[in-house]
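Chains as they are written, first to last, in the working numbering: chain A, 1 to 308; chain B, 309 to 595.
Notes to accompany the following structure.
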Amino acid sequence: MAKYIIKRILMLIPVIIGVAFLVFSILSFTPGDPIRIILGEEATPEAIEQLTMELGLDQPLVVQFFRYLVRLAQGDLGRSYITNRPVFGEIMNALPHTIELTIWSVAIGLVIAIPVGVISALKQYSLLDNISMVITLIGAAIPNFWFGLLLMLLFSLTLGLLPSSGVGTPLHMILPALTLGTTNAAIIARMTRSSMLEVIRQDYIRTAKSKGVGRGKIIRKHAFRNASIPIVTVIGLQFGGLLGGAVLTETVFSIPGLGILMVNAIRQMDTPMVLGSIIVFTILFCIINLIVDLLYAFLDPRIKAAYK
Amino acid sequence: MESTYKKKSQIADVWSRFKRNKMALAGLIVLVVMIILAIFADVIADFETEVIRQNIPNRLQTPCAQHWFGTDEFGRDIFARIVHGTRISLQVGVISVGIALIVGGFLGAIAGFYGGAIDNVIMRIMDVFLAVPGMLLAIAIVAALGSSMTNLMVAVGISSMPSYARILRASVLSVKDMEFVEASRAIGAKNMTIIMSHIIPNSLAPVIVQSTLGVAGAILATAALSFIGLGIQPPNPEWGAMLSSGRAFMRDHPHVVLFPGLSIMLTILVLNMIGDGLRDALDPRLK
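Dropping the structure here:
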């Protein structure tokens with residue numbers, strides 16, 4: 001198992017280099033001259049020349065990329081064109097907010113989605129099942145930034161129950177987490193339902209029933225555990241969308257996370273900041289995918305046996 | 309002669325299964341209405357005078373007989389803007405999926421067909437694309453190219469390309485060793501002919517389903533990018549852009565954010581229902 005984890009972590013390296021190259025090349029098309037952005041319009045030719053040399057912008061793109069890569073390996077993402085502060089530090093300040101938001105929204109999603117899915121499957125075609133399936137169908141289609149605005153309108157602007165923006169207390173996280181978690185919860189609930197439906201028709205469930213195993217135990221130990229593998233897959237697939245959604249949710253609720261940092265950097269043409277944010281987002285995404293893969297082993301001993 | 313007969317009966321078969329699914333059928337009807345609205349948008353409301361031109365005395369009116377969805381902060385009729393927005397969204401959705409499908413599908417088909425080193429190189433590149441969350445990749449592309457409608461379609465298309473590459477590659481792998489492909493090769497067909505006339509038609513089912521759901525995803529991505537100011541710019545009546553500019557007024561005039569959001573949701577809902585229906589209709593083996 002440890003060997004497998006190490007192998008997976010090593011496999012991340014070429015992917016991250018590839019992503020860095022991809023995003024670096026895309027962003028090299030960014031209009032605007034970074035020197036002008038840093039020094040302003042009234043810079044002297046000497047100052048311009050000196051800074052161009054310092055930043056290595058006179059070098060070919062490939063050389064620039066390799067220099068970037070060498071610094072990246074040392075955890076140095078360069079300096080912001082706007083604030084001149086290290087990009088890495090700014091990202092590390094913003095990152096906890098994004099991670100907190102993501103974890104809360106996954107947690108809220110799971111707490112709502114899994115019971116809904118399981119109950120819907122057990123009471124298939126009941127009124128409860130039909131209602132929850134209609135709600136999840138809508139939930140899967142609702143744009144999260146709009147849902148966020150509606151929640152804000154109702155709970156903060158009209159009822160005054162929850163803060164409408166910013167961070168600080170757990171109360172601040174409720175609306176953003178609901179905003180980001182809803183689409184996810186809807187998709188997970190639908191997946192849970194169909195996966196459970198498939199499992200509860202299996203022979204071993206009937207066997208367990210005829211042995212006299214209690215209903216709760218059958219559902220928990222025999223049915224849900226086996227149904228959970230496709231559910232975990234879906235949760236893993238959702239994470240990419242979740243990180244993209246975090247950018248929007250942060251914008252709606254003014255959460256000073258990585259998403260807002262990146263969007264502001266794009267507006268200010270602060271390329272090192274944009275590049276750094278996307279690379280950190282990608283690393284985060286890769287780590288989450290790795291965790292999801294390891295969860296499979298925890299859930300299914302057959303998969304664990306295959307990880308060597 | 310016989311083959312056209314068979315083809316027809318296959319489509320009829322799929323259709324008869326599709327229309328038994330009431331949700332999917334309802335979705336299709338709504339989508340057709342939206343397409344008609346998009347086509348006749350200019351008949352319903354003139355772009356220059358009703359959709360773009362400001363009419364400040366008329367601003368922020370609540371929905372009434374004259375303005376079904378009310379007016380926005382510049383006094384423009386929200387219904388007219390939403391109808392014209394349908395045109396933008398459907399267009400962006402379909403074209404960006406077209407880009408994803410053509411570029412991704414082509415690369416995937418080549419990878420699957422030739423295998424070996426070509427396959428390896430193409431699919432590793434796709435893995436790199438897949439490692440970046442799609443929305444962020446689209447943001448990066450728009451950031452670099454600038455936010456015009458064409459760039460937006462390219463950005464959304466490129467960022468969703470890997471899933472089409474994967475689907476086509478898998479389909480190609482599953483049919484390329486079948487007897488009819490071998491037979492075709494035996495009578496001297498060239499590789500391109502085999503790809504075009506045998507392999508692609510046989511991988512249509514998963515592509516159609518993915519494309520339908522993909523259009524929904526592309527419309528959502530466009531609205532999202534416009535919402536954060538990186539997509540279609542005001543005063544163009546894009547739904548996400550309308551939400552973004554309306555949000556400052558939503559406290560006292562909730563209708564300015566209600567209708568654009570509902571439009572996005574309805575479109576995505578409808579496309580998801582059609583996509584699910586198509587999946588069941590095209591592949592009777594799945595329940």
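For each residue, glycine too, the CB sits at the ideal point set by N, CA and C.
None of the values given here were measured: they were computed from a predicted structure.
- Nearest Cα to H172(A) within the set I142(A), H97(A) and S120(A): H97(A).
- The segment 476 to 495 of chain B and the segment 414 to 424 of chain B touch, with no fewer than 3 CB-CB distances between them shorter than 8 angstroms.
- For V167(A), no alpha helix (DSSP H) segment is defined, and its DSSP state is neither H nor E.
- Between the beta-carbon of M461(B) and that of A529(B) there is about 10 angstroms, and that puts the pair past the 8 angstroms contact cut.
- For a Cβ distance threshold of 8 angstroms, nothing in chain A lies close to N459(B): the least Cβ distance comes to about 10 angstroms.
- The segment 226 to 244 of chain A makes no contact with the segment 52 to 66 of chain A; the number of CB pairs closer than 8 angstroms stays below 3.
- Residue pairing of R79(A) in beta bridges, as defined by DSSP: P86(A).
- Taking 8 angstroms as the upper bound for CB-CB distance, G548(B) and G539(B) are in contact here, some 6 angstroms apart.
- In this structure, L151(A) and T179(A) form a Cβ contact; the two beta carbons are roughly 6 angstroms apart against a cut-off of 8 angstroms.
- The secondary-structure analysis by DSSP pairs D385(B) across a beta bridge with T379(B).
- Interface annotation, I407(B): not in contact with chain A, CB-CB separation never under 8 angstroms.
- Residues of chain A with a Cβ closer than 8 angstroms to the Cβ of N580(B) are, in chain order, L137, A140 and A141.
- Straight-line measurement puts the Cα of L476(B) at about 13 angstroms from the Cα of I430(B).
- If you draw a straight line from the Cα of D321(B) to the Cα of N428(B), it comes to about 38 angstroms.
- Bounds of the alpha helix (DSSP H) holding Y68(A) are L61 to A73.
- In the three-state reduction of the DSSP assignment, E41(A) falls in the coil class.
- A491(B) counts as exposed, since fewer than 16 other beta carbons sit within 10 angstroms of its beta carbon.
- A direct Cα-Cα distance of roughly 23 angstroms separates D380(B) from L248(A).
- The C-alpha of L579(B) lies about 24 angstroms from the C-alpha of D350(B).
- Scanning its chain for C-beta atoms nearer than 8 angstroms, with the 5 sequence neighbours on each side dropped, one finds around Y81(A) the residues P34, I37, I38, Q268, M269, D270, T271, P272 and M273, in chain order.
- Per DSSP, T233(A) is one residue of the alpha helix (DSSP H) stretching across R225 to F253.
- Here G166(A) has H172 and S254 as same chain residues with Cβ atoms under 7 angstroms from its own Cβ, once five neighbours each way along the sequence are excluded.
- If you ignore the 5 residues before and after L336(B), its C-beta comes within less than 7 angstroms of the C-beta of I582, all in its own chain and listed in chain order.
- If you draw a straight line from the Cα of A425(B) to the Cα of R432(B), it is about 10 angstroms long.
- Listed along the chain, the chain B residues whose CB falls inside 7 angstroms of the CB of G244(A) are P441, G442, M443 and L444.
- When the alpha-carbon of A140(A) is set against those of K327(B), R587(B), L590(B) and T575(B), the nearest one is in T575(B).
- Within the same chain, V322, R325 and F326 come within 6 angstroms of A589(B) by CB-CB distance, once the 5 residues on both sides are set aside.
- One thing to note: F567(B) has its Cβ within 8 angstroms of the Cβ of I386(B).
- Under the 8 angstroms Cβ criterion, the segment 97 to 108 of chain A does not count as touching the segment 295 to 305 of chain A, having fewer than three qualifying pairs.
- Considering only beta carbons, the part of the segment 17 to 30 of chain A lying closer than 7 angstroms to chain B consists of G18, V19, L22, V23, I26, L27, F29 and T30, in chain order.
- Within the segment 553 to 569 of chain B, R555, M558, R559, P562, V565 and G569 place their CB atoms closer than 7 angstroms to a CB of chain A, listed in sequence order.
- Straight across, the Cα-Cα distance linking A446(B) with K221(A) is about 42 angstroms.
- Any Cβ of chain B closer than 8 angstroms to the Cβ of L157(A) would place that residue at the interface, and such an atom is present.
- Residue state for K209(A) is assigned as helix, using DSSP reduced to three classes.
- Taking D584(B) as the centre and dropping the five residues before and after it, the same chain places the C-beta of A332 closer than 7 angstroms to its C-beta, in chain order.
- For the segment 516 to 538 of chain B, the set of residues with a beta-carbon nearer than 7 angstroms to any beta-carbon of chain A comprises L528, A531, A532, F535, I536 and L538, in chain order.
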